[in-house]
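Here the sequence shown stands for residues -40 to -1, 1 to 420, numbered as in mature numbering (1 follows the signal peptide of the UniProt record, and there is no 0).
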Amino acid sequence: MRTSRPFRHRRTSSRTRLAALLTGVSVAAALLTGATAAHAADPPLRDLADAKGKAIGTAVTGSRLTGTYGEIAGTRFNWLTPGNAMKWESVEPSRGTYNWAEADRIVEFAEAHGQRVRGHTLVWHSQNPGWLTNGTWTADELSGLLDDHIATEVGRYKGRLAAWDVVNEPFDEDGTYRRTLWYDTLGEDYIAQALTAARAADPSADLYINDYNVEGVNAKSTALYNLVKSLKERGVPIDGVGLQAHLILGQVPATLQQNIQRFADLGVDVAITELDIRMQLPATQAELAQQAEEYEAVVAACVAVSRCTGVTVWGFTDSDSWIPDVFEGYGAATPYDENYAPKPAYGGIATALGGTTTTPPPTDACTATYTVTSQWNTGFTGQVRIACSGASLSSWKVAWTYGAGQRITQAWNAACTQTGTQVSCANAAYNGAVPDGGAVTFGFNAAWSGSNPVPTVTLA
Ligand code: G3I
């Protein structure tokens, strides 16, 4: 049996790395936003993480890996996790009918950007297809289905994924096994069976058990500890534990680093696999600043333990976060806002990775963000978002200068005029008011040729 190994980055040739960087540059040139243009001066988190030999990852949605989303996912992070694309219901919605499109897309994107992939997830009680959960299976039948699923999925990506979350969320809060299809039919050995099948299907991938509310020392994390200890004693392949870290502002466990260390001392790697820090909306600047400190503390706890391989955030932008769908009234949990502007949390992560950030400190103000939302041969659609925090407006006017012949042809939710290269847009009768913590957006169509750089927008 292979014992678990310290984390290392798979070597990427300088040519691959250059190609990845160039890909990032050309995508960025094609579709920039004001937010990312300003952000370009920040040290990419992946460079900081690479220098420390750590992972900085993000969960992604395959269909969104273009434009600004793709540019940030591809250039700021060195690991990707498919948020949903590799779950059983995604890959085998009907028995024997496979759909690998989104999973393939993410793996190919990661390879093109010199990134590593964490497979997620093979055995879980949730997001299973109806044919599986509604079926009546004997232990032998279910055991066969489990082995086949793992052999098929892990085998498909053999040699291409760095790690797998093989078993997801096996415990209840009190540290007893969660009652699931797997546990109820196969007993606790479904875990050893899954790990063994995964190792057989891809000996090069690191194999993890992943759970939530196991970040600090508590009954659940101690149950996970005891399971890993026993698996290792029995010679079952286990390389690491994933601490999901879906945290609430103000509730980062004080024992996080101690807990990481005790798993490391058992001889397994530890990864923070799904970090987000949610808060009640609307978020204040003070809460975003506190969130930055907490992101920094979580990443720093990982950096402090050599067997902690790194941190993955569960979606890098608030526009791709599961939180608002599940926790009503909560959100703002990720390091970028919905408009892809880095939040103070981005700086917190960078600081923990040894960097500095040029992200301006939060100020009480209203700001305007210009975004190209889609672009084709001769035209593009843009939007400007005016957002206030710690301030408010009763009317607004924004202006910018086009540098490359762009010309606005139509605007909505604002009255826009263009004279030569000078554009000026004022609120419509119904959207002049921007409250503290609120935002308004207007859009426009425009023509372009040559290049389409992002202008600097001023708010009067
Ligand atoms: O794809 C359908 C879409 O066609 C449909 O219109 C829409 C209507 O609701 O639903 C879409 O599916 C949603 C799917 O995410 C993709 O967006 C599901 O309803 C929704 O339930 C699902 O939520 C996912 C959740 O797992 C399910 O438990 C989240 O995106 C995903 O981020 C989340 O991830 C889990 C980890 O895998 C394990 N740890 C906890 C974490 C958060 O729940």
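Backbone N, C-alpha and C define an ideal beta-carbon position, used for all residues, glycine too.
- C-alpha of Thr140 to C-alpha of His85: approximately 6 Å in a straight line.
- In the DSSP assignment, Arg6 falls within the alpha helix (DSSP H) that extends over Leu5 to Lys12.
- Contact check for Leu106 against Gln153 passes: the beta carbons are separated by less than 9 Å.
- For Ser181, the uninterrupted alpha helix (DSSP H) run begins and ends at Ala179 to Arg194, by DSSP.
- With a 10 Å radius around the Cβ and a threshold of 16 neighbouring Cβ atoms, Glu133 comes out exposed.
- For His109, the enclosing alpha helix (DSSP H) stretches over residues Ala99 to Arg116.
- The beta carbon of Pro89 is closer than 8 Å to those of Trp48, Glu49, Glu52, Pro53, Ser54 and Arg55 in its chain, skipping five residues each way along the sequence.
- With a cutoff of 8 Å, Ser54 does not count as near the ligand G3I, since its C-beta is closer than that to no heavy atom of the ligand.
- In this chain, the alpha helix (DSSP H) harbouring Trp48 covers Trp48 to Val51.
- Shortest gap from the CB of Ser181 to any heavy atom of the ligand G3I: 8 Å or more.
- The beta carbon of Ser279 sits no closer than 8 Å to any heavy atom of the ligand G3I.
- The continuous beta strand (DSSP E) containing Ala359 extends over residues Lys357 to Thr361.
- In this structure, Glu288 has its beta carbon at no less than 8 Å from each heavy atom of the ligand G3I.
- Taking the Cα of Leu313 as reference, the smallest distance to any Cα among Cys262, Glu113 and Ser352 is reached at Cys262.
- Between Gly275 and Ala70, the C-beta gap is not smaller than 9 Å, which leaves the two residues out of contact.
- The C-alpha of Thr145 is placed about 6 Å away from the C-alpha of Ala99.
- Under the three-state reduction of DSSP output, Tyr306 falls in the helix class.
- Cα atoms of Tyr143 and Gln250: separation of roughly 40 Å, rounded to the nearest angstrom.
- DSSP places Tyr330 in the strand class (E or B) of the three-state scheme.
- Taking 9 Å as the cut-off, the beta carbon of Thr156 is found closer than this to the beta carbon of Val196.
- In terms of Cβ geometry, Ser352 and Gly398 form a close pair [threshold 9 Å].
- Taking the Cα positions, Arg120 is about 19 Å away from Arg6.
- For Thr338, the number of other beta carbons within 10 angstroms of its own is below 16, and it is reported as exposed.
- A straight-line Cα-Cα distance of about 18 Å links Arg36 and Val258.
- For Asn219, the distance from the CB to the nearest heavy atom of the ligand G3I is not below 8 Å.
- Among the bridge pairs identified by DSSP, Tyr290 is matched with Gln240.
- From the listed residues Gly17, Asp64, Gln217 and Gln240, the smallest Cα separation to Ile208 is found for Gln240.
- Taking 8 Å as the cut-off, the C-beta of Asp132 does not count as close to any heavy atom of the ligand G3I.
- CA-to-CA, the gap between Tyr168 and Gly289 works out to about 32 Å.
- Shortest Cα-Cα distance from Trp39 to any of Trp97, Ala123 and Trp60 involves Ala123.
- Of the candidates Ile151, Val414, Thr57 and Glu193, the residue whose Cα lies closest to the Cα of Ala328 is Val414.
- Residue nearest to Thr21 within the set Ile198, Val273, Tyr185 and Ile232 is Val273 (criterion: CA-CA distance).
- Here DSSP, grouped into helix, strand and coil, assigns Trp142 to helix.
- Counting along the chain, Ile169 sits inside the beta strand (DSSP E) bounded by residues Asp166 to Asp171.
- Beta bridge pairing from DSSP links Pro42 with Val20.
- DSSP places Thr28 in the uninterrupted alpha helix (DSSP H) bounded by Gly27 to Arg36.
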